[in-house]
Amino acid sequence: MTGPRRPSAPGTHPPRPGRDRLARLLPAPPGAERAEEAGAPRAAVVGGGIAGLTAATALAERGVRTTLYEREAQLGGRLAGWPTRLADGTAVTMSRGFHAFFRQYYNLRALLRRTDPALSRLTGLPDYPLRHAGGRQDSFRHVPRTPPLSALGFVALSESFSLRGLARMNARAALPLLDVRVPEVYGRLDHVSAHDFLETIGFPAAARHLAFEVFSRSFFADPRELSAAEMALMFHVYFLGSAEGLLFDVPREPFPQALWDPLAGRLRRLGARVRTGTAVEGVAVLPAGGFTVAAANGEEPYDAVVLALDPAGLRALVARSGTLGDAGWRERVARLRTAPPFLVSRLWLDRPVRADRPGFLGTSGYGALDNVSVLSGWEGEAARWAARTGGSVVELHAYALPGDADPATTEKELLGELHRLYPETRRAGVVDARHEWRADCPLFPVGGYTDRPTVDTPTPGLAVAGDTVRTGLPVALMERAATSGFLAANTLLNRWGLRGHALWTVPGRGRGAALRWAAARGGDGR
Numbered sequence: 001m002t003g004p005r006r007p008s009a010p011g012t013h014p015p016r017p018g019r020d021r022l023a024r025l026l027p028a029p030p031g032a033e034r035a036e037e038a039g040a041p042r043a044a045v046v047g048g049g050i051a052g053l054t055a056a057t058a059l060a061e062r063g064v065r066t067t068l069y070e071r072e073a074q075l076g077g078r079l080a081g082w083p084t085r086l087a088d089g090t091a092v093t094m095s096r097g098f099h100a101f102f103r104q105y106y107n108l109r110a111l112l113r114r115t116d117p118a119l120s121r122l123t124g125l126p127d128y129p130l131r132h133a134g135g136r137q138d139s140f141r142h143v144p145r146t147p148p149l150s151a152l153g154f155v156a157l158s159e160s161f162s163l164r165g166l167a168r169m170n171a172r173a174a175l176p177l178l179d180v181r182v183p184e185v186y187g188r189l190d191h192v193s194a195h196d197f198l199e200t201i202g203f204p205a206a207a208r209h210l211a212f213e214v215f216s217r218s219f220f221a222d223p224r225e226l227s228a229a230e231m232a233l234m235f236h237v238y239f240l241g242s243a244e245g246l247l248f249d250v251p252r253e254p255f256p257q258a259l260w261d262p263l264a265g266r267l268r269r270l271g272a273r274v275r276t277g278t279a280v281e282g283v284a285v286l287p288a289g290g291f292t293v294a295a296a297n298g299e300e301p302y303d304a305v306v307l308a309l310d311p312a313g314l315r316a317l318v319a320r321s322g323t324l325g326d327a328g329w330r331e332r333v334a335r336l337r338t339a340p341p342f343l344v345s346r347l348w349l350d351r352p353v354r355a356d357r358p359g360f361l362g363t364s365g366y367g368a369l370d371n372v373s374v375l376s377g378w379e380g381e382a383a384r385w386a387a388r389t390g391g392s393v394v395e396l397h398a399y400a401l402p403g404d405a406d407p408a409t410t411e412k413e414l415l416g417e418l419h420r421l422y423p424e425t426r427r428a429g430v431v432d433a434r435h436e437w438r439a440d441c442p443l444f445p446v447g448g449y450t451d452r453p454t455v456d457t458p459t460p461g462l463a464v465a466g467d468t469v470r471t472g473l474p475v476a477l478m479e480r481a482a483t484s485g486f487l488a489a490n491t492l493l494n495r496w497g498l499r500g501h502a503l504w505t506v507p508g509r510g511r512g513a514a515l516r517w518a519a520a521r522g523g524d525g526r
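The numbers in UniProt numbering rise by one with no breaks, and the one at position 154 of the sequence shown is 154.
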């Protein structure tokens with residue numbers, strides 16, 4: 001079907017993606033460089049978020065005739081953006097809120113480099129401060145980036161650690177954090193919640209709020225529900241396992257303009273079909289092999305399918321597609337859970353916030369408010385509106401809200417907490433506001449690891465991608481989505497004798513023999 005054109009060059013490796021000399025390379029699986037046009041296989045990718053865009057790009061680059069289906073009018077999934085018009089007549093872009101592009105997101109950044117080789121559409125924020133309502137504030141600006149100096153430096157510089165609090169900690173219980181490996185960490189810690197694991201360690205309360213719960217809530221889950229294994233993996237990826245540090249980049253313009261529109265243009269130039277506003281109604285396995293994908297505009301045959309959907313979308317599509325997988329796989333998919341709802345409130349204010357306010361601030365003890373972004377400090381569209389009007393654009397996030405939370409009450413509460421946090425906003429009038437209530441992120445509950453799908457499925461030619469997926473690699477959040485997209489494409493490319501794509505991750509184990517030795521003698525979180 002594909003006929004080799006040119007074999008992969010032996011011994012060639014992509015350049016190191018960051019500053020971490022211990023970053024781990026997974027070489028590209030070998031094969032032909034590109035499918036012969038006449039017999040190129042056909043693949044459907046269902047879902048146009050990060051995972052789907054990655055899979056579609058990786059397939060199309062190898063000559064696979066690729067169709068990307070996205071039910072919404074915009075690409076990007078949970079990083080989509082859409083046009084809206086403010087009360088003052090200004091056309092702006094709304095989205096589901098702030099996302100941090102950490103420098104250890106090697107595979108996501110590799111995707112973005114397809115249209116922006118220098119990543120010039122991203123800009124770094126100088127700090128990631130965390131503030132507690134009691135007055136304590138921590139910062140990562142001056143913390144060393146290379147472990148274990150990063151951990152030692154954070155403790156030394158943080159107001160949240162005291163000698164008395166450190167003396168009370170159960171250091172033995174914390175030792176597993178020194179050598180996090182996948183999937184072993186799930187065998188050790190998936191049975192306990194992040195909250196209970198931190199209780200066992202005895203972290204000082206203030207340090208727990210600022211150094212752990214702020215991050216664990218990035219999974220849109222209460223720490224009492226989140227698997228301790230997922231939190232430990234987060235600690236490894238962002239802190240003790242990587243030398244890239246905890247500072248991050250943000251897009252200079254809204255998501256569509258900075259990221260997805262250029263990538264969609266490249267997909268089309270590669271010959272892929274990008275079908276937005278097209279919901280897939282079902283996928284059927286053909287008796288002789290291959291699939292049909294049914295959408296509003298009819299059915300089409302494909303040699304392979306990638307399902308790159310959020311948990312609810314995956315559950316629903318599998319339930320409607322009775323020939324996919326086997327009984328056990330379908331049951332596990334049906335048990336996937338969605339994280340509690342979250343709220344993003346974006347406010348266009350008629351006054352500026354104080355000039356020294358950070359672009360992003362994590363919070364603890366401010367009611368439902370989890371963080372504040374001053375978009376007009378770093379996003380071009382927001383900055384231009386602020387410069388023209390003399391105002392500012394501020395975004396408020398609340399994660400893991402109760403299912404019965406009242407929208408109007410919660411939105412008002414966030415505004416009140418903003419006034420408490422940034423008093424100058426009390427005098428500001430709200431020119432306009434947008435509120436996004438969503439509940440479509442994956443939940444990684446205690447004991448839920450084995451239910452999560454892998455990239456491979458019992459059906460040949462069917463792959464799954466997304467941040468729900470078990471990859472067997474130390475990746476999380478957006479990077480897990482991108483990595484799983486490349487892995488799904490590699491799985492299919494291998495079937496057709498085509499070369500896959502190289503991947504990078506943070507180190508797959510603890511840094512240094514001494515740390516690994518100590519971790520081997522630690523507790524297991526029980």
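The beta carbon of each residue, even a glycine, is placed where N, CA and C say it ideally should be.
Name the residue from Ala-476, Leu-25, Arg-168 and Ala-489 whose alpha carbon lies nearest to the alpha carbon of Ala-232.
-> Numbered from 1 along the sequence shown, position 232 holds the residue referred to as residue 232. Residue Ala-476 is the option with its Cα nearest to Ala-232.
Distance, Cα to Cα, Ala-482 vs Leu-25?
-> Taking the sequence shown and counting its residues from 1, the one referred to as residue 482 is at position 482. Taking the sequence shown and counting its residues from 1, the one referred to as residue 25 is at position 25. C-alpha separation (whole angstroms): 15 angstroms.
Short check: CB of Thr-67 to CB of Arg-42, under 9 angstroms?
-> In the sequence shown, counting from the first residue as 1, residue 67 sits at position 67. In the sequence shown, counting from the first residue as 1, residue 42 sits at position 42. For Thr-67 and Arg-42, yes; Cβs fall inside 9 angstroms.
Apply the 10 Å Cβ neighbour rule to Gly-289 and answer buried if 16 or more other Cβ atoms are within range, or exposed otherwise.
-> On the sequence shown, residue 289 is found 289 positions in, with the first residue counted as 1. Classification of Gly-289: exposed, given that the 10 Å Cβ count is below 16.
When you compare only the Cα positions, how much space is there between Ala-386 and Arg-351?
-> One-based indexing of the sequence shown puts residue 386 at position 386. One-based indexing of the sequence shown puts residue 351 at position 351. Roughly 9 angstroms separates the two Cα atoms.
In whole angstroms, what is the alpha-carbon distance linking Phe-444 and Asp-20?
-> Taking the first residue of the sequence shown as 1, we reach residue 444 at position 444. Taking the first residue of the sequence shown as 1, we reach residue 20 at position 20. Using only the alpha carbons, I get a separation of about 28 angstroms.
Span of the alpha helix (DSSP H), counted from its first residue to its last, around Val-333 = In the sequence shown, the residue the question calls residue 333 occupies position 333. Val-333 -> alpha helix (DSSP H) spans 327-334.
Have a look at Ser-242 and Thr-146 and give me their C-alpha separation to the nearest angstrom.
-> The count along the sequence shown starts at 1 and reaches residue 242 at position 242. The count along the sequence shown starts at 1 and reaches residue 146 at position 146. Answer to the nearest angstrom: the Cα atoms are 7 angstroms apart.
Identify which residue in Ala-38, Arg-109 and Ala-91 has its Cα closest to the Cα of Ile-50.
-> Position 50 of the sequence shown, counted from the start, is the residue given in the question as residue 50. Checked all of Ala-38, Arg-109 and Ala-91; the closest Cα to Ile-50 is Arg-109.
Coarse secondary structure for Gly-18, derived from DSSP in three states | What you label residue 18 is simply residue 18 of the sequence shown in a count that begins at 1. Three-state DSSP puts Gly-18 in coil, outside helix and strand.
Using alpha carbons as the reference points, say which of Asp-196, Glu-33 and Asp-440 lies closest to Tyr-399.
-> In the sequence shown, residue 399 corresponds to position 399, counting from 1. When only C-alpha atoms are compared, the closest one is Asp-440.
Would you tell me roughly how many angstroms separate the C-alpha atoms of Leu-361 and Gly-271, rounded to the nearest one?
-> Position 361 of the sequence shown, counting from 1, holds the residue named residue 361. Position 271 of the sequence shown, counting from 1, holds the residue named residue 271. Each residue's alpha carbon lies about 42 angstroms from the other.
Buried or exposed for Trp-348, please, with buried defined as at least 16 other CB atoms from any protein chain shown within 10 angstroms of its CB.
-> As a first step, residue 348 is located in the sequence shown; it is residue number 348 there, counting from the start. By the 10 Å Cβ count, Trp-348 comes out buried.
Reduced DSSP secondary structure (H/G/I, E/B, other) of Arg-521 = In the sequence shown, the residue the question calls residue 521 occupies position 521. In this structure, Arg-521 counts as coil in the three-state DSSP scheme.
Among Ala-55, Arg-121 and Ala-518, which residue has its Cα nearest to the Cα of Phe-101?
-> Along the sequence shown, one-based indexing puts residue 101 at 101. Minimum Cα distance to Phe-101 is reached at Arg-121.
Neighbourhood of Ala-174 by C-beta distance below 6 angstroms, restricted to the same chain and skipping five residues each side | Numbered from 1 along the sequence shown, position 174 holds the residue referred to as residue 174. Excluding residues within five positions, the ones whose Cβ falls inside 6 angstroms are Ile-201.
Is the segment 241-255 touching the segment 125-140, taking contact as three or more C-beta pairs under 8 angstroms?
-> yes
Would you list the residues sitting across from Phe-342 in a DSSP beta bridge?
-> One-based indexing of the sequence shown puts residue 342 at position 342. Phe-342 is bridged to Arg-438.
Taking 9 angstroms as the cut-off, decide whether the C-beta atoms of Trp-82 and Val-250 are in contact.
-> Position 82 of the sequence shown, counting from 1, holds the residue named residue 82. Position 250 of the sequence shown, counting from 1, holds the residue named residue 250. Trp-82 places its beta carbon 9 angstroms or farther from that of Val-250.
Hey, out of Arg-224, Leu-263, Leu-240 and Leu-317, whose CA is closest to Pro-117's CA?
-> For this step, residue 117 is matched to residue 117 along the sequence shown. The candidate whose alpha carbon is nearest that of Pro-117 is Leu-263.
Met-94, DSSP secondary structure in three states = Counted from its first residue, the sequence shown places residue 94 at position 94. Looking at Met-94 - three-state DSSP - the assignment turns out to be strand.
Return helix, strand or coil for Tyr-186, following the three-state DSSP convention.
-> Numbered from 1 along the sequence shown, position 186 holds the residue referred to as residue 186. Helix.
For His-501, count neighbouring C-beta atoms within 10 Å of its own C-beta (all shown protein chains included) and say buried if the count is 16 or more, exposed if not.
-> Here the question's residue 501 lines up with position 501 in the sequence shown. When all chains shown are included, His-501 counts as buried.
Pairwise C-alpha distance: Arg-354 and Arg-470 = Within the sequence shown, the letter at position 470 stands for residue 470. Within the sequence shown, the letter at position 354 stands for residue 354. Arg-470 and Arg-354: Cα-Cα distance of roughly 43 angstroms.
Can you list, in chain order, the residues of its chain whose CB lies under 6 angstroms from that of Gly-63, leaving out five sequence neighbours each side?
-> Position 63 of the sequence shown, counting from 1, holds the residue named residue 63. Excluding sequence neighbours, Gly-63 sits near Arg-34, Ala-35 and Ala-40.
From this set, Gly-153, Val-185, Arg-320 and Ala-308, which residue's C-alpha is nearest Thr-468's C-alpha?
-> Locating residue 468 in the sequence shown gives position 468, counting from the first residue. Residue Ala-308 is the option with its Cα nearest to Thr-468.
State buried or exposed for Ala-334, treating a residue as buried only when at least 16 other CB atoms are found within 10 Å of its CB.
-> Here residue 334 is taken as the residue at index 334 of the sequence shown, counted from 1. Ala-334 comes out exposed.
8 angstroms contact criterion, which Val-143 and Val-306 should meet: CB distance rounded = In the sequence shown, the residue the question calls residue 143 occupies position 143. In the sequence shown, the residue the question calls residue 306 occupies position 306. Incorrect: roughly 39 angstroms between the Cβ atoms, too far for contact.
Might you give, ordered along the chain, the residues of its own chain that have their beta carbon closer than 6 angstroms to the beta carbon of Ala-229, omitting 5 neighbours on each side?
-> As a working note, residue 229 is residue 229 in the sequence shown. So the qualifying residues of the chain are Val-185, Tyr-186, Leu-189 and Asp-190.
Quick one: Cα of His-195 to Cα of Arg-509, how far?
-> Indexing the sequence shown from 1 puts residue 195 at position 195. Indexing the sequence shown from 1 puts residue 509 at position 509. Using only the alpha carbons, I get a separation of about 23 angstroms.
Where Gly-202 falls: helix, strand or coil (DSSP) | Here residue 202 refers to the residue found at position 202 when the sequence shown is read from its first residue. Here Gly-202 sits in coil by DSSP.
Quick check: the segment 318-331 against the segment 272-287, are there 3 or more CB pairs under 8 angstroms?
-> yes
Starting from Pro-251, follow the alpha helix (DSSP H) in both directions and report where the run begins and ends.
-> On the sequence shown, position 251 is the one that residue 251 refers to. Where Pro-251 is concerned, there is no enclosing alpha helix (DSSP H), although the beta strand (DSSP E) it sits in stretches over 248-251.
Proximal residues to Tyr-449 (C-beta, below 8 angstroms), its chain only, five neighbours per side dropped | The residue you call residue 449 lines up with position 449 of the sequence shown. Pro-183, Tyr-186, Asp-190, Ser-227, Ala-229 and Arg-470, listed in sequence order.
Leu-515 to Thr-410, Cα distance in whole Å?
-> For the purposes of this step, residue 515 is taken as the residue at position 515 of the sequence shown. For the purposes of this step, residue 410 is taken as the residue at position 410 of the sequence shown. Taking the straight line from one Cα to the other gives about 44 angstroms.
In angstroms with no decimal places, state the Cα-to-Cα distance between Thr-278 and Ala-513.
-> Indexing the sequence shown from 1 puts residue 278 at position 278. Indexing the sequence shown from 1 puts residue 513 at position 513. If I take the Cα positions, the gap works out to 52 angstroms.
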